[in-house]
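To keep things clear, I will list the structure first and then write my remarks on it.
There are 2 protein chains.
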Amino acid sequence: MTSPPPAAITAAVTAADAVAPTPAQLMDQLAQAAAAYYRNFATVAAQRGLTLMQGKMLSLLRRPMPMRTLAELLACDASNVTGIVDRLESRGLLRRESDPADRRVKLVLLTAEGERAVAQIRAELMSELSGLESLEEGDRRALQRLLGQVFPA
Amino acid sequence: MTSPPPAAITAAVTAADAVAPTPAQLMDQLAQAAAAYYRNFATVAAQRGLTLMQGKMLSLLRRPMPMRTLAELLACDASNVTGIVDRLESRGLLRRESDPADRRVKLVLLTAEGERAVAQIRAELMSELSGLESLEEGDRRALQRLLGQVFPA
DNA sequence: TATTGTTATACTCTATAACTATA
DNA sequence: TATAGTTATAGAGTATAACAATA
């Protein structure tokens, strides 16, 4: 029976031998990971003159969707979407289109230029997250499963 | 020799048998996880009348630190820190203190009320992330290792 | 000279409330 | 009546540039 090493030693130990982190420690690491993700995303968006929210909105538009849906996905009030869409529309990255099925609804969709911008953002973000590309298949499966467990859809 | 199942079937398969996600798919899942983390954090902060940035700043102040350091940790310009600290100081959650070693520097530190606020935010956030508490030791170790690999310190 | 923190400025994001046009 | 989108408003976050105090 081996007793777990004291916390001070943990950092120097290889992953396989490491003491399991507490949920609280894992929460701190999640905070750092989430911050790092958005720092990378914001940097990549800023390189194209876009704010974080503008980059997020463009990235969400894999298919046309109502403004109301964008508000839900961006976790903000519907009144904010008007301004964000306005600014992106004036730059030619997306456009509004009336929904024939319900004339109250405006569908937002990317222009060709918007599609290119999203593709470049995604590519640059992927190259920023080089640690992601170097994961083995087993590790990719494990990370997918664990993230799904901590953040259920 | 078994060939991997087509992508359309993947979703219905159990985790153990699942095809490994591509790095691009994993990047999308990271985006969702980071968004979910901050949605939870912002909700918990808002319950105490705090914005996301205010909650972040308080959570960073485990020990006194210069405004400049806060700017780096929050990934924003130093000029923004003045206003955020102002608002939290006027609410009695933190205070400024001159650094005797370098009189240009102002150290920011939590008040007793600020300490209580942080403790409550952390506790409520932990209860929101119930999926974290239910992870087995092996899964906690794995998640720690994988996050460290994708987002190196 | 360089650095820390502040101020002034302009822009963006944010929620709330009130409005319109549709349903 | 209810919903989708807009507008007006006020407050908060954001980067830039210029400044005072200190190193």
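Chains A and B, in that order, give the protein sequences. Read in my numbering, the first sequence has 66 at position 66, and its numbers run on one by one without any break. Converting from the second sequence to my numbering requires adding 153 to each position, the first position being numbered 1. Backbone N, C-alpha and C fix where the C-beta goes; we use that ideal spot for every residue, glycine too.
- In the three-state DSSP reduction, B:E266 falls in the helix class (H, G or I).
- Fewer than three Cβ pairs drawn from the region 108 to 117 of chain A and the region 130 to 145 of chain A lie within less than 8 Å of each other, which leaves the two stretches out of contact.
- By the Cβ rule, the region 43 to 60 of chain A does not count as touching the region 23 to 35 of chain A, because fewer than three pairs are nearer than 8 Å.
- In the DSSP assignment, B:E242 falls within the alpha helix (DSSP H) that extends over 231 to 243.
- Counted as a single uninterrupted DSSP element, the alpha helix (DSSP H) harbouring A:E133 occupies residues 130 to 133.
- Taking each of A:R68, A:Q25, A:R87 in turn and checking the Cα distance to A:G55, the smallest one comes out for A:R87.
- Under a criterion of Cβ atoms nearer than 8 Å, the residues of chain B adjacent to A:G131 are, in order, Q302, V303, F304, P305.
- Of all residues in the region 43 to 62 of chain A, none places a beta-carbon less than 7 Å from a beta-carbon of chain B.
- Non-local beta-carbon contacts of B:A224 in its own chain, meaning distances under 8 Å to residues more than five positions away in sequence, involve D230, A231, N233, V234 in chain order.
- If you draw a 10 Å sphere on the C-beta of B:Q297, you find 16 or more other C-beta atoms in it, and that means buried.
- In this chain, the alpha helix (DSSP H) harbouring B:R221 covers 220 to 226.
- Restricting attention to B:V303, B:L226, B:Y191, the CA atom closest to the CA of A:S127 is found in B:V303.
- When 8 Å is used as the limit between beta carbons, B:L299 is near these residues of chain A: L135, D139, A142, L143, L146, in chain order.
- The three-state reading of DSSP puts A:V44 in helix, counting H, G and I together.
- Excluding sequence positions up to five before and after B:L205, its CB lies within less than 8 Å of the CB of Y191, F194, A195, A198, all in the same chain and listed in chain order.
- For B:G291, the closest alpha carbon among the candidates A:A153, A:L146, A:L135, A:K106 is that of A:L146.
- Under DSSP, B:S251 takes part in a beta bridge, and its partners are B:K259.
- Rounded to whole angstroms, B:R294 and A:D28 show a C-alpha spacing of 14 Å.
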